[in-house]
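The sequence shown: position 12 = 11 (numbering that gives the first Met the number 0), numbered continuously.
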Amino acid sequence: MACLSAEQIDLKAQYALLPKPRIPVSPVLSSHALGIAKTSAPGLLNLTNIRYVTSGRSAIALALKELNICPGDKILMPAYHCTSMIDPVIWLKAIPSFYQITEAVEVDLSNLRQMIDEKTKALLVTHYFGFHQPIARLRAFCDENHIALIEDCAHALFGTNDGLPIGGYGDYSVASSMKFLPVYDGGILASSNNEISGIKTISAGPLFEIKAALNMVEKAIEYGRLSLLKPFIKWPLALKDMLWKFAKSDEQNKSNLGPASSDGGYGFDPAWVSKKMSLASKYVLKHANQERLVEKRRKNYALLEKAFSNVDGVTSLYSKLPDNVVPYVFPLLVHEPEAIFIELKQLGVPILRFGEFLWDGVDESVCPVSVNLSRRVFQLPCHQELKLKELEWMVEMIKNVLQQKHH
Ligand SMILES: *Cc1c(COP(=O)(O)O)cnc(C)c1O
Numbered sequence: 000m001a002c003l004s005a006e007q008i009d010l011k012a013q014y015a016l017l018p019k020p021r022i023p024v025s026p027v028l029s030s031h032a033l034g035i036a037k038t039s040a041p042g043l044l045n046l047t048n049i050r051y052v053t054s055g056r057s058a059i060a061l062a063l064k065e066l067n068i069c070p071g072d073k074i075l076m077p078a079y080h081c082t083s084m085i086d087p088v089i090w091l092k093a094i095p096s097f098y099q100i101t102e103a104v105e106v107d108l109s110n111l112r113q114m115i116d117e118k119t120k121a122l123l124v125t126h127y128f129g130f131h132q133p134i135a136r137l138r139a140f141c142d143e144n145h146i147a148l149i150e151d152c153a154h155a156l157f158g159t160n161d162g163l164p165i166g167g168y169g170d171y172s173v174a175s176s177m178k179f180l181p182v183y184d185g186g187i188l189a190s191s192n193n194e195i196s197g198i199k200t201i202s203a204g205p206l207f208e209i210k211a212a213l214n215m216v217e218k219a220i221e222y223g224r225l226s227l228l229k230p231f232i233k234w235p236l237a238l239k240d241m242l243w244k245f246a247k248s249d250e251q252n253k254s255n256l257g258p259a260s261s262d263g264g265y266g267f268d269p270a271w272v273s274k275k276m277s278l279a280s281k282y283v284l285k286h287a288n289q290e291r292l293v294e295k296r297r298k299n300y301a302l303l304e305k306a307f308s309n310v311d312g313v314t315s316l317y318s319k320l321p322d323n324v325v326p327y328v329f330p331l332l333v334h335e336p337e338a339i340f341i342e343l344k345q346l347g348v349p350i351l352r353f354g355e356f357l358w359d360g361v362d363e364s365v366c367p368v369s370v371n372l373s374r375r376v377f378q379l380p381c382h383q384e385l386k387l388k389e390l391e392w393m394v395e396m397i398k399n400v401l402q403q404k405h406h
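Shown next as structure tokens:
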């Protein structure tokens with residue numbers, strides 16, 4: 000649904016030709032991913048009411064529907080965003096109103112105060128990269144103005160914020176499990192104050208279930224994990240590919256195949272809004288070794304922070320990692336990004352830029368900070384399944400490319 004400029008379409012075409020990242024950009028299944036005994040960490044999964052769907056964007060759509068958002072209603076959305084956050088607003092014919100982000104990567108409350116009017120129904124707040132927004136203050140702002148609060152925890156599945164598990168202040172909170180766990184699909188809608196059991200979700204069908212289960216194993220093997228399974232998985236995978244080809248040839252079945260969100264796409268398909276999370280993803284979500292996930296992500300983040308602490312041309316976006324944060328990625332602020340972004344991708348370094356494609360019309364005149372962040376922040380993975388030598392390889396590649404530019 001998002002409307003892209005010619006320049007953005009060009010860039011996307013260029014990206015389509017890039018090699019596959021040499022190391023996994025998001026978690027892949029390993030023999031350590033699931034806990035033998037249940038280990039848990041505080042986070043959004045602790046909230047009272049939870050629904051499991053197939054993507055974060057579907058969860059946003061459901062949250063807006065639960066809030067009875069009508070055509071013409073205004074939703075306060077961050078100028079620093081990815082387009083998949085905006086599509087659900089457009090789908091409901093509501094109007095995204097873009098608020099500013101400060102240099103500290105926080106919601107600009109004074110800007111919000113100027114924007115609010117009688118048409119405004121909700122505020123969506125994103126905890127960028129796993130770092131928390133001042134949520135108690137934002138909750139108070141919403142209460143004073145009688146609007147709803149949606150907490151976007153796509154980058155923050157674990158952690159606590161202002162004394163509650165992350166997501167605990169939102170009327171509705173949403174998350175995206177693919178960003179934290181080795182799963183093919185997954186979005187979460189949660190609320191501690193609102194009953195959400197009235198939402199009907201339905202299975203996406205057996206083909207989707209098979210794909211979700213096998214895709215996890217396939218991706219793991221692709222990146223050299225679970226190699227012992229390789230001989231056993233060959234035939235099921237061949238069967239899956241065949242079923243898939245067959246299903247793809249059937250136009251009517253198209254929406255059974257899998258949501259765009261699972262293939263790294265930005266698209267929004269209303270047919271997926273009320274589909275249930277796959278059984279395989281839900282299993283992994285329920286059995287994930289959460290303590291290990293938290294520990295490893297924080298450790299990998301610290302390693303990356305240290306590795307880049309004295310490198311010319313880059314700085315860590317945040318000056319420190321607070322105790323209650325479980326990072327999604329390590330955000331590296333690159334002073335001259337355009338010179339090296341594509342080059343690094345061509346080398347197979349798994350970097351992404353959040354907000355690389357901002358919604359049509361969101362430019363310097365709307366929020367210069369957001370535009371700047373969307374160019375200059377490179378997300379480096381710090382997930383729990385990265386091996387030390389993979390992290391070291393990534394650091395070396397980035398340092399080399401930076402050094403060439405500075406000499
Ligand atoms: C990825 C993302 C979403 C959407 O999640 P999907 O599971 O990809 O649909 C929403 N908000 C933010 C901040 C995201 O990064």
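C-beta: ideal position from N, C-alpha, C; glycine also. Fair warning: this is a prediction, and the values are worked out from it, not measured in the lab.
Outcome for residue i when other beta-carbon atoms lying within 10 angstroms are tallied against a minimum of 16
i, result
"Gly197", "exposed"
"Gln289", "buried"
"Cys141", "buried"
"Glu150", "buried"
"Glu342", "exposed"
"Asn299", "buried"
"Pro380", "buried"
"Ile100", "buried"
"Pro205", "exposed"
"Asn399", "exposed"
"Arg50", "buried"
"Gln345", "exposed"
"Pro18", "exposed"
"Pro230", "exposed"
"Asn309", "exposed"
"Glu363", "exposed"
"Asp268", "buried"
Residue i Cβ short of 7 Å to ligand 1 heavy atom set
i, result
"Thr125", "yes"
"Asp151", "yes"
"Met84", "yes"
"Arg224", "no"
"Ser373", "no"
"Gly257", "no"
"His154", "yes"
"Ser172", "no"
"Phe353", "yes"
"Cys81", "yes"
"Gly42", "no"
"Arg56", "yes"
"Met76", "no"
"Lys276", "In the sequence as displayed, the identity of residue 276 is Met instead of Lys. No, Cβ of Met276 sits at least 7 Å from all heavy atoms of ligand 1."
"Ser25", "no"
"Met241", "no"
"Gly166", "no"
"Ser260", "yes"
"Met215", "no"
"Gly169", "no"
"Gly186", "yes"
"Ser280", "no"
N- and C-terminal bounds of the beta strand (DSSP E) containing residue i
i, result
"Val52", "48 to 52"
"Asp151", "147 to 151"
"Lys386", "Taken as a continuous stretch (DSSP letters only), Lys386 belongs to no beta strand (DSSP E), as it is neither H nor E."
"Met177", "Where Met177 is concerned, there is no enclosing beta strand (DSSP E), given that its DSSP letter is neither H nor E."
"Leu206", "Unbroken run through Leu206 is the alpha helix (DSSP H), 205 to 221; no beta strand (DSSP E)."
"Ser196", "From DSSP, Ser196 is part of no beta strand (DSSP E); its letter is neither H nor E."
"Leu122", "119 to 125"
"Leu75", "73 to 77"
Nearest-angstrom Cβ-Cβ length linking residue i and residue j, presumed shorter than 8 Å
i, j, result
"Leu137", "Val106", "6 Å"
"Leu331", "Ser315", "7 Å"
"His405", "Asp322", "Their Cβ separation, rounded to whole angstroms, is 35 Å, which puts His405 and Asp322 out of contact at 8 Å."
"Leu238", "Glu217", "Rounded, the Cβ-Cβ distance is 12 Å, inconsistent with contact."
"Val328", "Gln383", "Wrong, their Cβ atoms sit about 12 Å apart, outside the cutoff."
"Asn192", "Asp170", "7 Å"
Residue i - containing alpha helix (DSSP H), residue span
i, result
"Leu351", "From DSSP, Leu351 is part of no alpha helix (DSSP H); its letter is neither H nor E."
"Ala58", "55 to 65"
"Thr82", "82 to 90"
"Lys409", "The question about residue 409 has no answer here: the residues shown for the chain are numbered 0 through 406."
"Phe340", "340 to 345"
"Gln13", "5 to 15"
"Ile441", "With the chain represented from 0 up to 406, any question about residue 441 goes unanswered, as that position is not in the structure."
"Tyr409", "Only positions 0 to 406 of the chain appear in the structure, and residue 409 is not among them; the question remains open."
"Pro367", "367 to 375"
"Ser109", "108 to 114"
- Message: Within 8 Å, do at least three Cβ pairs link the stretch 30 to 45 to the stretch 232 to 242?
- Response: no
- Any 3 or more C-beta pairs closer than 8 Å across the stretch 147 to 156 and the stretch 117 to 126: yes
- Quick one: any contact between the stretch 278 to 287 and the stretch 365 to 374, if contact means 3 or more CB pairs under 8 Å? no
- Task: Tell me, please, whether the stretch 181 to 189 touches the stretch 54 to 68 by the rule of three or more beta-carbon pairs shorter than 8 Å.
- Result: yes
- Are at least three pairs of beta-carbons, each pair with one atom in the stretch 6 to 26 and one in the stretch 156 to 173, less than 8 Å apart? no
- Task: Determine contact between the stretch 220 to 227 and the stretch 83 to 91, defined as no fewer than three beta-carbon pairs at a distance below 8 Å.
- Result: no
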